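Take a look at the structure below.
Numbering (full-length UniProt numbering), first residue to last: 1 to 429.
Below, the structure is given as structure tokens:
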């Protein structure tokens, strides 16, 4: 019996996991290369950063996901380079050979070449980044509470800026506003009139995938929560104490959260074929990489041109549908067929939450905002989470947050160990 074809998948995001699930019952060997051992549900990262959920609520072990499929293996490593001529993926833990390769390595923050923004702003594409934001925001309240006689410093600490008017920026700004409302009850010595939350967007609208009515609803809800929405506002630079705008203004702030753009993981560009400005590989209609028929790029790593002349958005539904198409084409190649499927994206609409009891949904004829949209948003996100544990715990936490408005995840976890050691020594003495 001959050796089974080896399919390597770089990345365990939505596209990578969708591809692996499709291949799990097939007569192939599958290796997932990922630098972590878990699949991350990125759409809910903002809830970790604002103390609604915990890290294990939105992540699921890859090995547990595929424990019933003996043909799927995890190679926990960082993919560094793709050598298409030798058909190997080079990682920090050695090389992995492949017969077919799916590049689904995800995306990183795009700071558009602004080095100081990259240095001082807070990205939110991973669990460590979300935890960093959570710890930092909670620290700001604690530190501001100690600045009894320095209003300027307090205001700087209590000014929170979200850059980017897409779903991540909108959801983060709304969640911070609700976190502030909770903190208000617990800091009797702070003047919460000094708190400022700003959402900065470089174009003339937030949530561009929404119709004008829902865009207006989104802005109205954010403003009712105390968020200042600043449209047609471009960022020029950043430092440790604030944000510089292109119109010359300077906003003092210790917290700039960057949600203004993404770029493909740099491993995609190492194939050596044409990439767009965001580092995405310009793929053929079959999702194959030009010159390398055994390599497929999907999701955040693929620049797939639509009939409208614009590439598809880097969102989970696109990545999953591309994964299914890529797997179908790989199986066709394995079976010796030269007739491959051209990818066609079926747009099921878009949605975004603006906070507790508020969301917007744009699905064909269904264009609604408010409580019903929020219930739909919650239900569909619960369906897409991995594992019954996540469904139960996240659903419970959302229900408790809805009933009580509290957030029990406001735990600062990055206290320096030296301080803990000093406290332990003092206790022993």
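Note that beta-carbon positions come from the ideal geometry of N, C-alpha and C, so glycine has one too. Every value quoted in this text rests on a predicted model; they were computed, and no experiment measured them.
Three-state secondary structure (DSSP) at residue i?
{"i": "residue 160", "result": "strand"}
{"i": "residue 188", "result": "coil"}
{"i": "residue 426", "result": "Caution applies to residue 426, whose pLDDT of 44 falls short of 50 and renders its modelled position unreliable; the value that the coordinates give is listed next. It is helical."}
{"i": "residue 28", "result": "coil"}
{"i": "residue 283", "result": "coil"}
{"i": "residue 410", "result": "coil"}
{"i": "residue 1", "result": "Legend: pLDDT at residue 1 = 47, less than 50; position of this residue unreliable, no value from coordinates given."}
{"i": "residue 103", "result": "strand"}
{"i": "residue 311", "result": "strand"}
{"i": "residue 119", "result": "helix"}
{"i": "residue 151", "result": "helix"}
{"i": "residue 346", "result": "coil"}
{"i": "residue 109", "result": "strand"}
{"i": "residue 195", "result": "coil"}
{"i": "residue 385", "result": "coil"}
{"i": "residue 209", "result": "coil"}
{"i": "residue 200", "result": "strand"}
{"i": "residue 59", "result": "strand"}
{"i": "residue 271", "result": "helix"}
{"i": "residue 173", "result": "helix"}
{"i": "residue 306", "result": "coil"}
{"i": "residue 8", "result": "strand"}
{"i": "residue 52", "result": "coil"}
{"i": "residue 340", "result": "coil"}
{"i": "residue 182", "result": "helix"}
{"i": "residue 19", "result": "helix"}
According to the neighbour-count rule (16 or more other Cβ atoms, all chains shown, within 10 Å of its Cβ), is residue i buried or exposed?
{"i": "residue 426", "result": "Note that residue 426 scores 44 on pLDDT, short of 50, meaning its location in the model is unreliable and no value can be drawn from it."}
{"i": "residue 305", "result": "exposed"}
{"i": "residue 322", "result": "buried"}
{"i": "residue 217", "result": "buried"}
{"i": "residue 10", "result": "buried"}
{"i": "residue 372", "result": "exposed"}
{"i": "residue 327", "result": "buried"}
{"i": "residue 344", "result": "exposed"}
{"i": "residue 412", "result": "exposed"}
{"i": "residue 130", "result": "buried"}
{"i": "residue 172", "result": "buried"}
{"i": "residue 310", "result": "exposed"}
{"i": "residue 337", "result": "exposed"}
{"i": "residue 246", "result": "exposed"}
{"i": "residue 381", "result": "buried"}
{"i": "residue 128", "result": "exposed"}
{"i": "residue 303", "result": "buried"}
{"i": "residue 428", "result": "Confidence in residue 428 is poor, its pLDDT being 41 and thus under 50, which makes the residue's placement unreliable; the coordinate value appears in the next sentence. Residue 428 is exposed by the Cβ-count criterion."}
{"i": "residue 348", "result": "exposed"}
Per DSSP, what are the beta-bridge partners of residue i in this structure?
{"i": "residue 353", "result": "359"}
{"i": "residue 288", "result": "296"}
{"i": "residue 72", "result": "30"}
{"i": "residue 243", "result": "238, 251"}
{"i": "residue 228", "result": "198"}
{"i": "residue 374", "result": "Beta-bridge pairing links residue 374 to no other residue."}
{"i": "residue 257", "result": "122, 162"}
Can you give me the start and stop residues for the alpha helix (DSSP H) that residue i sits inside?
{"i": "residue 402", "result": "388 to 404"}
{"i": "residue 218", "result": "212 to 224"}
{"i": "residue 130", "result": "127 to 144"}
{"i": "residue 367", "result": "Counting along the chain, residue 367 falls outside any alpha helix (DSSP H), though it belongs to the beta strand (DSSP E) covering 366 to 370."}
{"i": "residue 317", "result": "316 to 334"}
{"i": "residue 64", "result": "62 to 65"}
{"i": "residue 48", "result": "45 to 49"}
Which first and last residues belong to the beta strand (DSSP E) in which residue i is found?
{"i": "residue 97", "result": "94 to 97"}
{"i": "residue 238", "result": "235 to 239"}
{"i": "residue 80", "result": "79 to 83"}
{"i": "residue 40", "result": "38 to 40"}
{"i": "residue 12", "result": "Note, residue 12: premise wrong, no beta strand (DSSP E); not H, not E."}
{"i": "residue 264", "result": "262 to 264"}
{"i": "residue 415", "result": "Premise fails: residue 415 is in no beta strand (DSSP E) and is neither H nor E."}
{"i": "residue 88", "result": "88 to 91"}
Consider the C-beta atom of residue i and the heavy atoms of the ligand PLP; say whether any pair is separated by less than 6 Å.
{"i": "residue 287", "result": "In the structure shown, the ligand PLP is absent, as is every other ligand, since no ligand is present at all."}
Does the contact criterion of 3 or more C-beta pairs under 8 Å hold for the segment 61 to 80 versus the segment 17 to 26? Yes, the segment 61 to 80 is in contact with the segment 17 to 26.
Original post:
Within the chosen definition, does the segment 76 to 87 reach the segment 48 to 56 through at least 3 CB pairs nearer than 8 Å?
Top reply: The segment 76 to 87 makes no contact with the segment 48 to 56; the number of CB pairs closer than 8 Å stays below 3.
Point to revise | Cβ contact check for the segment 138 to 147 and the segment 263 to 276: 3 or more pairs under 8 Å | key: Not touching, per the Cβ criterion.
Check your understanding: For the 8 Å Cβ check, are there 3 or more pairs between the segment 215 to 234 and the segment 122 to 141?
Key -> Judged by Cβ distances under 8 Å, the segment 215 to 234 makes no contact with the segment 122 to 141, as fewer than three pairs qualify.
- Per the contact definition of three or more C-beta pairs closer than 8 Å, is the segment 168 to 184 in contact with the segment 403 to 412? As far as the Cβ criterion goes, the segment 403 to 412 touches the segment 168 to 184, which means the pair count is three or higher.
For this session: Evaluate contact between the segment 113 to 126 and the segment 237 to 244, counting only Cβ atoms and requiring at least three cross-stretch pairs below 8 Å.
Result: Yes, they touch.
**Message:** So, does the segment 278 to 292 touch the segment 247 to 259, judging by three or more C-beta pairs under 8 Å?
**Reply:** With contact defined as three or more Cβ pairs closer than 8 Å, the segment 278 to 292 and the segment 247 to 259 are not in contact.
Specify whether the segment 289 to 296 and the segment 196 to 214 touch according to this definition: at least 3 beta carbon pairs, one from each stretch, less than 8 Å apart.
With fewer than three CB-CB distances shorter than 8 Å, the segment 289 to 296 does not count as touching the segment 196 to 214.
Requested in this report: Indicate whether the contact test is met: 3 or more Cβ pairs, each with one atom in the segment 372 to 392 and one in the segment 183 to 199, closer than 8 Å.
Outcome: Taking one beta carbon from each stretch, the segment 372 to 392 and the segment 183 to 199 have fewer than 3 pairs nearer than 8 Å; the two do not touch.
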